[in-house]
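Participant: One structure, pasted below without further comment.
Protein chains in written order, with the numbering used here: chain A, 1 to 228; chain B, 1001 to 1223.
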């Protein structure tokens, strides 16, 4: 199961610890009929899970809840790591999150943004982790460019580098292929493939190519796909 | 659970990020210094040197520091919301290290502002020589209290829609006792009166506000 040889920056640091997510009656309502409808699921490492559904079904909302960024208005989500339940605020080291809403500090360079995150995460070799994450996403030559000067595709690569920076066992990727060219998509698929061996990936997407990466699927209902 | 070392690392990361962003954008420092220098110069031209009017001198000094700093200090959290970087910040560090990092930056900001403003004030306003030990003690404690209050107000208003209106409403009850205590202490050190009561009041105010802030930050900085 586990890949042999030295780890790269984008491989998960999960060792033998199992991570399990179990949602019971989980829902989040922004307004009447808007948001994530009640859902139950259970997933665990290793694996890749696609979260699919029409626009407005709450794919991004579900990822934010799993990341501990949003408190659900109904139900529970048990996030356990090696048998211990992690509170929302204690999940930072365990998850890597990339989403279109993730913005960086435009006045800082790509490397400075990641170095900030690496230091805040308490990584022992922060510079090494930053260089490896940028290299894995093909951004080494843009490391010293300010984020405000990066294109949409480069910013998306930086989001993925940020998610994988601290080698988290769980990757939460919201539309990871958006704005990416073919090379960027291939790199993303390689990250997901590396994570599959030991960790867990939740992939919010409606892209057929990205859906094919998944071993299982959580289909969300409602949104614009629900005529009611 | 975050260890003590990782919390220190997160505080350091946030402080360094704030300093670097401020250095690159000069978002707050330029406008704060501009306000302080133009106000002191205008008052100096209008009324000349105030000499032994220690009541006016004490009030003027703290009004200049307060208004020069407040807009920038309380916007440390608002900038994260308006720049959509709060998700990045919350994924990188916990609420308490974020708040402590921003508080330390606000203290540093006030320190830089006062290094320019206070000597300029002394030169232009021409007050009597201060009792340096007491004066610097009042300045330091007043700055800590102001930074703690402004950081808390910033965290409270950042997540709200009507943040500009709320800013005044939340700031007023928090800043009035602080301002009264520092003005009274600054005047007392010039006139040679004891400042023990004011310093104790400031210390208690700062401690209470800091304790309340640390308890509140976990709840303030979430959706």
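Think of the CB as a built atom: it goes at the ideal place given N, C-alpha and C, for glycine as much as any other residue. Computed from a predicted structure; not experimentally measured.
#1: With 9 Å as the C-beta to C-beta threshold (strictly closer), list the residues of the region 89-114 of chain A near chain B in chain order.
#2: Can you pull out the residues from the region 1067-1088 of chain B whose beta carbon lies closer than 7 Å to at least one beta carbon of chain A?
#3: Can you confirm whether residue 117(A), when its beta carbon is compared against all beta carbons of chain B, has any partner nearer than 7 Å?
#4: Under three-state DSSP, which class holds residue 1009(B)?
#5: Less than 6 Å between C-beta atoms, sequence neighbours within five positions excluded: which residues of the same chain meet that for residue 1151(B)?
#6: Would residue 220(A) and residue 53(A) qualify as a contact pair, given that the criterion is a beta-carbon distance under 7 Å?
#7: So, is the C-beta of residue 23(A) closer than 7 Å to a C-beta in chain B?
#8: Taking a Cβ distance cut-off of 7 Å, strictly less, list which residues of the region 1023-1045 of chain B are near chain A, in chain order.
#9: So, for residue 73(A): in the same chain, excluding its five sequence neighbours on each side, which residues have a beta-carbon less than 7 Å away from its beta-carbon?
#10: Using DSSP with H/G/I as helix, E/B as strand and the rest coil, what is residue 223(A)?
#11: Tell me whether residue 22(A) sits in a helix, a strand or coil according to DSSP, three-state version.
#12: How about residue 1091(B): is its C-beta nearer than 7 Å to some C-beta of chain A?
#13: Nearest to residue 128(A) by CA position, among 60(A), 217(A), 38(A) and 167(A), is which residue?
#14: Taking contact to mean 3 or more Cβ pairs, one atom from each stretch, closer than 8 Å, check whether the region 139-148 of chain A and the region 99-106 of chain A are in contact.
#15: Nearest-angstrom Cα distance between residue 1031(B) and residue 1160(B)?
#16: Give, in chain order, every residue of the region 1156-1182 of chain B whose Cβ lies closer than 7 Å to some Cβ of chain A.
#17: My output table needs one value for residue 1219(B): the three-state DSSP class, helix, strand or coil.
#18: Please report the straight-line C-alpha distance between residue 1065(B) and residue 1212(B), rounded to a whole angstrom.
#19: Would you list, in sequence order, the uninterrupted beta strand (DSSP E) runs of no fewer than 3 residues that lie entirely inside the region 65-135 of chain A?
#20: Report the three-state DSSP secondary structure of residue 1205(B) (helix, strand or coil).
#21: Using the beta-carbon of each residue, which ones in chain B are nearer than 8 Å to residue 120(A)?
#22: Just verifying my parser: in three-state terms, what is the DSSP assignment at residue 143(A)?
#23: Answer yes if the region 91-103 of chain A comes into contact with the region 154-172 of chain A, meaning at least three C-beta pairs across the two stretches below 8 Å, and no otherwise.
#24: Quick check on residue 1017(B) - is its C-beta less than 7 Å from some C-beta in chain A?
#25: Are the Cβ atoms of residue 1206(B) and residue 1147(B) separated by less than 7 Å?
#26: Do residue 222(A) and residue 57(A) have their C-beta atoms within less than 7 Å of each other?
#27: Quick one, are the C-beta atoms of residue 1170(B) and residue 1182(B) less than 7 Å apart?
#28: So, does the region 1005-1012 of chain B touch the region 194-210 of chain A, judging by three or more C-beta pairs under 8 Å?
#29: Which residues of the region 1202-1220 of chain B have a Cβ closer than 9 Å to any Cβ of chain A? Give them in chain order.
#30: For the putative contact between residue 1186(B) and residue 1138(B), defined by C-beta atoms under 8 Å, what is the C-beta separation to the nearest angstrom?
#31: Select from 1209(B), 1110(B) and 1112(B) the residue whose C-alpha is nearest the C-alpha of residue 1149(B).
#32: Give the residues of chain A in contact with residue 1200(B), contact being defined as C-beta atoms less than 7 Å apart.
#33: Within its chain, find whatever has a CB closer than 7 Å to the CB of residue 214(A); leave out the 5 residues flanking it on each side and keep chain order.
#34: Out of curiosity, what's the CA-to-CA distance linking residue 151(A) and residue 170(A)?
#35: Among the candidates 1109(B), 1039(B), 1040(B) and 1059(B), whose CA atom is the shortest distance from the CA of residue 1072(B)?
#36: DSSP has residue 39(A) in a bridge; who is on the other side?
Facilitator: Based on what the coordinates show:
#1: 89, 90, 92, 93, 95, 96, 97, 99, 101, 102, 103, 104, 105, 106, 107, 108, 112 and 113
#2: 1083, 1084, 1085, 1087 and 1088
#3: Here the question's residue 117(A) lines up with position 117 in the first chain. So yes, residue 117(A) belongs to the interface.
#4: Position 9 of the second chain, counting from 1, holds the residue named residue 1009(B). Note: residue 1009(B) maps to helix in three-state DSSP.
#5: In the second chain, counting from the first residue as 1, residue 1151(B) sits at position 151. So the qualifying residues of the chain are 1102, 1103 and 1106.
#6: In the first chain, counting from the first residue as 1, residue 220(A) sits at position 220. In the first chain, counting from the first residue as 1, residue 53(A) sits at position 53. In this structure, residue 53(A) lies closer than 7 Å to residue 220(A) by Cβ.
#7: Walking along the first chain from the start, residue 23(A) turns up at place 23. It does not; no Cβ of chain B falls within 7 Å.
#8: 1024 and 1025
#9: The sequence position of residue 73(A) within the first chain is 73, counting from 1. So the qualifying residues of the chain are 27, 28 and 29.
#10: The residue you call residue 223(A) lines up with position 223 of the first chain. Helix, per DSSP.
#11: Start at 1 with the first residue of the first chain, and residue 22(A) comes out as number 22. The answer is strand: DSSP assigns residue 22(A) an E or B state.
#12: Position 91 of the second chain, counted from the start, is the residue given in the question as residue 1091(B). Interface residue, yes.
#13: Here residue 128(A) refers to the residue found at position 128 when the first chain is read from its first residue. It is 167(A) whose Cα lies nearest to the Cα of residue 128(A).
#14: yes
#15: If you number the second chain from 1, residue 1031(B) lands on position 31. If you number the second chain from 1, residue 1160(B) lands on position 160. Taking the straight line from one Cα to the other gives about 25 Å.
#16: none
#17: Position 219 of the second chain, counted from the first residue, corresponds to residue 1219(B). Of the three classes helix, strand and coil, the one that applies to residue 1219(B) here is helix, per DSSP.
#18: As a working note, residue 1065(B) is residue 65 in the second chain. As a working note, residue 1212(B) is residue 212 in the second chain. Between residue 1065(B) and residue 1212(B), the C-alpha separation is close to 24 Å.
#19: 74-81 and 95-98
#20: For the purposes of this step, residue 1205(B) is identified with residue 205 of the second chain, where counting begins at 1. Of the three classes helix, strand and coil, the one that applies to residue 1205(B) here is helix, per DSSP.
#21: Locating residue 120(A) in the first chain gives position 120, where the first residue counts as 1. Ordered by position in chain B, the residues that pass the 8 Å Cβ test against residue 120(A) are 1009, 1010, 1013, 1014, 1092, 1093 and 1097.
#22: Stepping through the first chain from its first residue, residue 143(A) is reached at position 143. If DSSP states are grouped into helix, strand and coil, residue 143(A) belongs with coil.
#23: yes
#24: Counting from one through the second chain, the residue named residue 1017(B) turns up at place 17. It does; some Cβ of chain A falls within 7 Å.
#25: For the purposes of this step, residue 1206(B) is taken as the residue at position 206 of the second chain. For the purposes of this step, residue 1147(B) is taken as the residue at position 147 of the second chain. The answer is no: Cβ separation not under 7 Å.
#26: One-based indexing of the first chain puts residue 222(A) at position 222. One-based indexing of the first chain puts residue 57(A) at position 57. Cβ atoms of residue 222(A) and residue 57(A): closer than 7 Å.
#27: Position 170 of the second chain, counted from the first residue, corresponds to residue 1170(B). Position 182 of the second chain, counted from the first residue, corresponds to residue 1182(B). No, they are not a contact pair.
#28: no
#29: 1218
#30: As a working mapping, residue 1186(B) is identified with position 186 in the second chain. As a working mapping, residue 1138(B) is identified with position 138 in the second chain. That pair is a contact at about 6 Å.
#31: Stepping through the second chain from its first residue, residue 1149(B) is reached at position 149. Ranking 1209(B), 1110(B) and 1112(B) by Cα distance to residue 1149(B) puts 1209(B) first.
#32: Taking the second chain and counting its residues from 1, one reaches residue 1200(B) at position 200. Within chain A, no residue comes near residue 1200(B); the closest Cβ sits about 35 Å away, beyond 7 Å.
#33: Within the first chain, residue 214(A) is the residue found at index 214, counting from 1. So the list reads 48, 49, 50 and 203, once near-sequence residues are dropped.
#34: Along the first chain, read from residue 1 onward, the residue named residue 151(A) stands at position 151. Along the first chain, read from residue 1 onward, the residue named residue 170(A) stands at position 170. Each residue's alpha carbon lies about 27 Å from the other.
#35: As a working mapping, residue 1072(B) is identified with position 72 in the second chain. Checked all of 1109(B), 1039(B), 1040(B) and 1059(B); the closest Cα to residue 1072(B) is 1109(B).
#36: Taking the first residue of the first chain as position 1, residue 39(A) is located at position 39. Looking at the DSSP assignment, residue 39(A) forms a beta bridge with 26(A).
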